[in-house]
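Worksheet: the structure to be examined is printed underneath.
Protein chains in written order, with the working numbering: chain A, 1 to 412; chain B, 1001 to 1412.
In C-alpha cells form, the structure reads like this:
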C-alpha cells in the first residue's frame, strides 16, 4: 500500500463525463489498496470565464477579490469529483485550499505556499476516504483566499505530496510522458522512462510545457517523486509515464543528452557598438524590464576597441515594443546601431550527462553546420546548450540533432 | 451615523451591470455616513446551474459536496460586488460565510445558524470598509461548508444584523414594500408603512413571498428592525419601503386588518365518513406525509353517529398523488367516500388587531356571502382567518374584502 497524490488538470475534468472518468481512474488505484489524495484544477474554460466576469465589473480587478472569484473554479470541481467517487462507491471528501489548510503569503493572484497542515487529510485517509483537494489555492494568515497563479495546481499537488511524505506524486496530463522531443516534428521521438529534475526544469522552461516550472522546483527541493502520466489512456492499459528523478539516483550509463527542446516564440534584438563600460547592460535592459517585457536569453560578447555588442531575445509579441524602447535610448547609451529579427527560433539540447562530457557542444554545432544551418546566438548552462537559428530551419535542426545524439535508440 | 445591513437577492445581482447598480446604491448609503454590511445571493440562475451540474455527476448529490458546490455561487457575487464598489472609490472587502465565521450545525443543504463571529466585520467597518458577505452559507464545527437552504440569504442578513446589533436590516427586493394585497388584483392596494412580525409571518406563508419565513422568525427573536425596500427605484428617489415592527410598538389605533393574502396553488381532499376514533387523523395523513407531500390546511369537524369527515389541502401538483394514496387506504381506514377538488383557492385576512376585536370573522363571512361566494373550508389562527373558496371567485373575494376592511384608506 502506497500513499499517492494525483493531480488532474482542467481538460481532464472539463465536463461531468470527464469527471466520471477521473473518478473511475482514482477508484482503480484505491482498488489496488493505495491511499489516494486527488488535487484538481477548475473545469477547462471556467477560470477564464470568471476573470472575464471580473473585468466586466472592474477593468483592473482588485487582486484579493479576483482570488475570491477564481477560487470558486476549483471548488466546483472538488464537489463534483467527490460526488462522482461516491456515486461509484468510493468514500470521498473534498477540501478547499483554506480547509486543508494550505497557508500562503498574501501575494494575491501569485501567492507562494508557506506551509500545509496535513492533519485533516491524514485523518480522512486513515478512515478510508479519497481526499479531493482544490489545487491552485490557499489562505493567508488573515484567512483571505489566495491563488497560486495560473497553472498552480501542479505546485499544490507537489506541496501536498511533500507535506504527506507521499510515495509518489502523479501529474496526469494529455501526454503519456516526457519525450526526447516533440513527436510531431520527430516521429522517432521516444518517451523517457526517467528524467532528472534539472533536465525537466530546462525542458519545461524551453517550451515542453508538460509541468509547471514551480512545481518541478518544489519537487526537487522537497525530494518528491514526481511522475507524468496520461489521463487519456484506457483503464487497465496505462503506461508507466515518465518518472522525474534526483541526480544522485542517476546511473553512470545515463545518456549524455536526454532531450531536445525548442521555443518558436522568440525574437532577437541587438545593440551594436555600445561603449564597453560598467553599467551598460543595466542601461539597456532597465527600460525594457520596466515595460514588463520578459527577456529570455541575454548575450554580451567581449568588447574590443572600447565598444561591445549586446543581444537579447523576447517573446515575439513584445518585439515591436522592445525595438521602440531601444531606438529611444540609442543616442543616450551611445550605441552605433540597433538591429532586430523576429524570424528566429531557439533550439536546446538538454542533459545532466553533458557536464561530464566534453565535445557535446562541438558535436551539436558540427551537426547543424553539416546541414548549412547558421547559428545566430549561443548560450550555455551546466546542463543545456541553446542556439538561436533562423525559424525556417527549426524542424530540420531538431530532427538532425535527435538523430545525432541517438535519442531514437532505447538506452542499453 | 447608523450601522445598516443590506441584502440583495439573485435578480438584483443577476449581471455585471446590475451588480454595478447595487454598488452605486450601497455607495449612496456610505456617502450619507452610514456603515454598511451587504449580504448577497448568487447571481440569478447560478444556483440552479450548479445543482444541475451536480445531478449530471450523481443523481442524488451527496449533501456535503452539494454545499461545497452551491456555496461558490455567492462567493462569485461577493468578489464581483467588492470589485464594483472599489471601482467607484468605495473601500470594500468580501467574506464567505466561513470567513465571517457564520457557524452552523452540520445539516448540509438546510443548516441552521448557531452563532456569528462579528469580529472581522466590526474591524473592517471601523476601518471604513463596506463589508460584503456571502449569504446562504456558513461552516460547521468541523470547518465543512454548509448552506442554509434556498432563499437563506435573508436569514443570513438578519442573523448578521442581530450579531452586529445593526440599526436596521434592509431587504432589497423587486417590490417597494409590503402591500395590503396584490396590486395586480386590487389596484387600490396600499403599501403598508409598517407591519408586525406576526402579520408578516402569516403574509409570507400565505403567498406574499416578499421575505423568507425563517428570516422573519429570526428577526422577531432577536428584535432586528427589518425593512423591505425596492432595488429597482431610481437613486435619490427611493421610497421608505415597509418597516416590520414588534407588537409592543403598535399603537392602539392599529387597524384591525393589515392585509389580504391568497394562495392559488391549493387543492382540497376530503375523506368522508371515517370512524371517529383516536388515531384516524394519523392513519390518513401518515401515508401522505411519507410520500413527501406538503399539507397546508387540515380540518376535522366534530363527529356524529360515530363517524367524521376529514379534509386537507395540498399543492395542486401533488393532488393526483394524494388522491391515489387516499384511494389505496380507503377500505383500510373504513372511509365511506373520498372526494377532491383542485379548482379551489385560499384567501386569508391577516392582522394582529383582530385578536382584540370580535366580529372580524363574521364581517368576512358576510362580505363573501353578499357576493354569493360559497365558503368551502374555514381555518383560523390568532391573527388570521383563512377560507377556501372556488378558484373562480378569487379576484372578486380579494377585492370586496379589501374594500370591506377599508384597506384602501390610509390609517388616521
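Cβ coordinates follow ideal geometry from the N, Cα and C atoms, glycine included.
8 Å Cβ cut-off: residues of chain C touching residue i
i, result
"residue 20/A", "The structure shown contains no chain C; the protein chains it does contain are A and B."
is_contact[residue i, chain A] using C-beta, thresh 8 Å
i, result
"residue 1068/B", "yes"
"residue 1193/B", "no"
"residue 1065/B", "yes"
"residue 1137/B", "no"
"residue 1171/B", "no"
"residue 1283/B", "no"
"residue 1035/B", "no"
"residue 1252/B", "Bear in mind that the predicted position of residue 1252/B carries a pLDDT of just 49, short of 50, making it unreliable; the figure below should be weighed with that in mind. No, because no Cβ of chain A sits closer than 8 Å to the Cβ of residue 1252/B."
"residue 1393/B", "no"
"residue 1328/B", "no"
"residue 1099/B", "yes"
Continuous beta strand (DSSP E) stretch holding residue i: start and end
i, result
"residue 390/A", "384–390"
"residue 1042/B", "Here residue 1042/B belongs to no beta strand (DSSP E), and DSSP marks it neither H nor E."
"residue 1313/B", "1307–1314"
"residue 1266/B", "1259–1275"
"residue 1298/B", "1298–1300"
"residue 232/A", "Unbroken run through residue 232/A: none, as it is neither H nor E."
"residue 245/A", "242–245"
"residue 194/A", "194–196"
The alpha helix (DSSP H) enclosing residue i, as first and last residue numbers
i, result
"residue 1281/B", "1280–1290"
"residue 6/A", "Unbroken run through residue 6/A is the beta strand (DSSP E), 3–8; no alpha helix (DSSP H)."
"residue 401/A", "394–404"
"residue 1019/B", "1016–1031"
Any C-beta of chain B under 8 Å from that of residue i
i, result
"residue 315/A", "no"
"residue 94/A", "yes"
"residue 177/A", "no"
"residue 117/A", "no"
"residue 54/A", "yes"
"residue 62/A", "yes"
"residue 300/A", "no"
"residue 11/A", "no"
Beta-carbon neighbours of residue i, restricted to chain B and to distances below 8 Å
i, result
"residue 339/A", "Going along chain B, no residue has its Cβ under 8 Å from residue 339/A, so there is no contact; the nearest lies around 44 Å."
"residue 87/A", "1057, 1058 and 1059"
"residue 16/A", "1053, 1056 and 1057"
Three-state secondary structure (DSSP) of residue i
i, result
"residue 1329/B", "helix"
"residue 210/A", "coil"
"residue 337/A", "strand"
"residue 1222/B", "coil"
"residue 1138/B", "strand"
"residue 1375/B", "strand"
"residue 1120/B", "helix"
"residue 99/A", "helix"
"residue 216/A", "helix"
"residue 1444/B", "Any question about residue 1444/B goes unanswered here, given that chain B covers just 1001 to 1412."
"residue 1185/B", "coil"
"residue 1362/B", "helix"
"residue 295/A", "coil"
"residue 110/A", "coil"
"residue 237/A", "coil"
"residue 13/A", "coil"
"residue 1252/B", "Legend: pLDDT at residue 1252/B = 49, less than 50; position of this residue unreliable, value from coordinates given subsequently. It is coil, neither helix nor strand."
Interface partners of residue i on chain B, CB under 9 Å
i, result
"residue 75/A", "1068, 1069, 1071, 1072, 1075 and 1145"
"residue 103/A", "In chain order: nothing, as chain B lies at least about 14 Å away."
"residue 78/A", "1065, 1068 and 1069"
Partner residues on chain B for residue i, Cβ-Cβ distance less than 7 Å
i, result
"residue 84/A", "1057 and 1058"
"residue 6/A", "Residues of chain B passing the Cβ test: none, with the nearest at roughly 18 Å."
Partner residues on chain A for residue i, Cβ-Cβ distance less than 9 Å
i, result
"residue 1050/B", "76 and 79"
Practice task
Let me know the beta strand (DSSP E) ranges lying completely inside the segment 1049–1092 of chain B, each 3 residues or longer, listed in chain order.
Solution key: none
Practice task
Run through the segment 143–177 of chain A for me and flag every whole alpha helix (DSSP H) of 4 or more residues, listed as ranges in chain order.
Solution key: 153–164
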